[in-house]
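Read through the structure below, which is laid out as structure tokens, and then see the notes.
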Amino acid sequence: MDNIKFPEEYFDIIWAEGSIFIIGFETGLKDWKKYMRPNGYLAVHEMAWLKENPPKEIKEYWQRVYPKISSIDNMIKIIQKCGYKILGHFTLPKDAWWDLYYIPLENRLKDLRIKYKNNTKAIEMINEEQLEIDLFRKYNAW
461 MDNIKFPEEY FDIIWAEGSI FIIGFETGLK DWKKYMRPNG YLAVHEMAWL
511 KENPPKEIKE YWQRVYPKIS SIDNMIKIIQ KCGYKILGHF TLPKDAWWDL
561 YYIPLENRLK DLRIKYKNNT KAIEMINEEQ LEIDLFRKYN AW
């Protein structure tokens with residue numbers, strides 16, 4: 461993502477679904493702009509705080525996992541600062557997270573717990589994924 465080998469103004473659209481965080485939201489916006497044709501589009505999905513003052517438990521988790529998490533308002537400012545025109549934005553509904561991501565993931569984690577029951581490192585990773593699910597269950601309003 462940070463070593464793109466395409467000519468400038470190559471793409472009509474860049475679609476980054478849940479991936480721009482790898483290089484950073486602002487970095488991605490700045491770096492990818494040159495690869496878009498005039499009147500091209502950029503669609504990004506980024507983790508954001510939905511409300512101010514998140515509870516300590518969820519705030520500490522995201523500060524550890526993704527310290528650059530920010531508010532939607534702040535992301536809008538970054539988008540504008542990087543020279544983009546915003547056509548719209550929306551928050552994914554809770555059922556999309558549950559039905560398409562967390563429920564299938566949680567089901568898979570159950571199988572992986574059995575498969576890797578004697579692998580301490582794997583169980584640590586499984587527990588970390590389960591923690592995210594549990595925190596979303598408890599704090600999805602944020």
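Residues in the sequence shown are numbered consecutively from 461, following my numbering.
The C-beta atom is built at its ideal place from N, Cα and C for all residues, glycine as well.
Just so it is clear, the structure is predicted and the values come from calculations on it, not from any experiment.
Tell me whether phenylalanine 466 is buried or exposed, calling it buried when 16 or more other Cβ atoms sit within 10 Å of its Cβ.
exposed
From leucine 591 to asparagine 579, what does the alpha carbon distance come to, in whole angstroms?
Put simply, the backbone Cα of leucine 591 is about 18 Å away from that of asparagine 579.
My guess is that phenylalanine 485 and glutamate 506 are in contact by the Cβ rule of under 8 Å, so how many angstroms apart are they, rounded?
5 Å
What would DSSP say about serine 513, mapped onto helix, strand or coil?
Serine is not the amino acid found at residue 513; the sequence shown has asparagine there. Coil at asparagine 513, not helix or strand.
Please report the Cβ distance between glutamate 468 and tyrosine 495, rounded to the nearest whole angstrom; I am assuming they are in contact, meaning their Cβ atoms lie under 8 Å.
At roughly 6 Å, the Cβ-Cβ gap stays under 8 Å, so glutamate 468 and tyrosine 495 are in contact.
Taking only three categories from DSSP, how would you classify glutamate 550?
The residue you asked about is not glutamate; residue 550 is phenylalanine in the sequence shown. Here phenylalanine 550 sits in coil by DSSP.
If you draw a straight line from the alpha carbon of glycine 548 to that of tyrosine 576, how long is it in whole angstroms?
43 Å
Candidates Trp522, Lys541, Asp559: which alpha carbon is nearest phenylalanine 481's?
Trp522
Quick check: does the Cβ of isoleucine 483 come within less than 7 Å of any heavy atom belonging to the ligand MN?
Looking at this structure, you won't find the ligand MN or any other ligand, since it has none at all.
Local Cβ density within 10 Å of tryptophan 492, reported as buried at 16 or more and exposed below that
buried
Euclidean distance between Cα positions of glycine 488 and methionine 535
Their Cα atoms are separated by approximately 12 Å.
Close Cβ partners of tryptophan 602 (< 8 Å) along its chain, the five nearest in sequence each way excluded
Trp509, Leu510, Lys511, Pro514, Pro515, Ile518
Check tryptophan 602 in the structure and name its three-state DSSP category.
coil
Closest Cα partner of asparagine 499 within the set Val525, Gly478, Tyr470, Arg524
Considering only alpha carbons, the answer is Tyr470.
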